[in-house]
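Yeah, the sequence shown ends on 168 if you go by the working numbering, and it's all consecutive.
Where a beta carbon is used, it is the ideal one built from N, C-alpha and C, also for glycine.
Below: one structure, written as structure tokens.
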Amino acid sequence: MWVLEKFCRSVPTTAKYQWLKQVDGIGNLHPKRSEYNQKHWDQVWEWYDAYKSGAIPFLEYRIQIREKELEEDEDNLRFNKAQVEKFGKNRTQIKLIKSYEEKIPLRKTEIAKLKAELESLKAKEMQKQQEIKPDLTLENENLRLKKEILEMELKLKEANRER
6 MWVLEKFCRS
16 VPTTAKYQWL
26 KQVDGIGNLH
36 PKRSEYNQKH
46 WDQVWEWYDA
56 YKSGAIPFLE
66 YRIQIREKEL
76 EEDEDNLRFN
86 KAQVEKFGKN
96 RTQIKLIKSY
106 EEKIPLRKTE
116 IAKLKAELES
126 LKAKEMQKQQ
136 EIKPDLTLEN
146 ENLRLKKEIL
156 EMELKLKEAN
166 RER
């Protein structure tokens with residue numbers, strides 16, 4: 006996270022920060038790749054913003070991302086299976102199919118874990134709110150009953166005046 010805070014919203018490049026050349030031996034931070042890296046950098050910033058906004062929105066955002074990735078994996082699996090049926094067996098596509106078949110259950114379990122964690126956090130948050138605020142339902146019920154009593158008294162007074 007300190008990396009994000011150090012470099013802000015723009016992708017760090019070796020042209021601007023010379024000392025990154027020693028860290029980046031492959032050349033991923035070369036200025037020519039900054040346009041490609043910018044979309045990943047923006048996604049990281051979205052995650053960071055969601056994380057800073059609180060745990061519950063961050064978990065909701067992570068679940069949303071994981072579900073989107075799961076849909077993409079399922080689409081890719083269907084596409085590759087259709088390609089195998091259409092053109093015959095291909096070693097790379099068979100390996101891709103196996104990898105997607107392994108990834109999909111893992112993603113589903115991860116989504117289930119994240120949802121369970123989210124539910125527990127929401128329950129804790131509700132419990133905290135109930136501890137902080139007194140039980141307003143009883144107060145509302147008391148106010149409603151008092152209002153009904155006053156209305157009944159008012160009706161009785163009007164009925165007595167008419168007599």
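- prompt: Going by other Cβ atoms of all chains shown within 10 Å of its Cβ, with 16 needed for buried, is Tyr41 buried or exposed?
  reply: exposed
Inset, instruction - Indicate whether Asn85 and Ile102 have their beta-carbon atoms separated by less than 9 Å. - result: yes
TODO: Please name the residue, chosen from Leu75, Glu136, Lys152, Arg168, that lies closest to Glu106 on a Cα-to-Cα basis.
DONE: Of the candidates Leu75, Glu136, Lys152, Arg168, the one whose C-alpha sits nearest the C-alpha of Glu106 is Leu75.
(message) Please state the DSSP three-state secondary structure of Arg4.
(response) The displayed coordinates of the chain run from 6 to 168. Any statement about residue 4 would go beyond what the structure contains.
May I ask you to report which of helix, strand or coil DSSP gives Arg67?
-> helix
Counting pairs of beta carbons, one from the region 78-92 and one from the region 42-54, are three or more of them closer than 8 Å? no
Check your understanding: Which of the three DSSP states, helix, strand or coil, is assigned to Met6?
Key -> In this prediction, Met6 has a pLDDT of 49, which is less than 50 and means its spatial position is unreliable; what the coordinates show is noted afterwards. Residue state, collapsed to three classes: coil.
Rounded separation between Asn81 and Gln135 - CA only: Rounded to the nearest angstrom, the two C-alpha atoms are 46 Å apart.
message: For the ligand SAM, is there any heavy atom lying closer than 8 Å to the beta carbon of Arg67?
response: By its list of ligands, the structure shown contains no ligand whatsoever, and the ligand SAM lies outside what it can speak to.
- request: Would you kindly check if the distance between the Cβ of Leu64 and the Cβ of Leu123 is under 9 Å?
  value: yes
Around the Cβ of Arg166, are there at least 16 other Cβ atoms within 10 angstroms (buried) or fewer (exposed)? exposed
Measuring only the C-alpha atoms, how far is Met6 from Arg67?
Reliability of the predicted coordinates at Met6 is poor, the pLDDT of 49 falling under 50, and the value obtained from them is presented with this limitation in mind. Taking the straight line joining both Cα atoms gives about 17 Å.
For Glu115, three-class secondary structure by DSSP = helix
* **Other residues of its chain near Lys127: CB distance less than 8 Å, five sequence neighbours each side excluded** => Ile61
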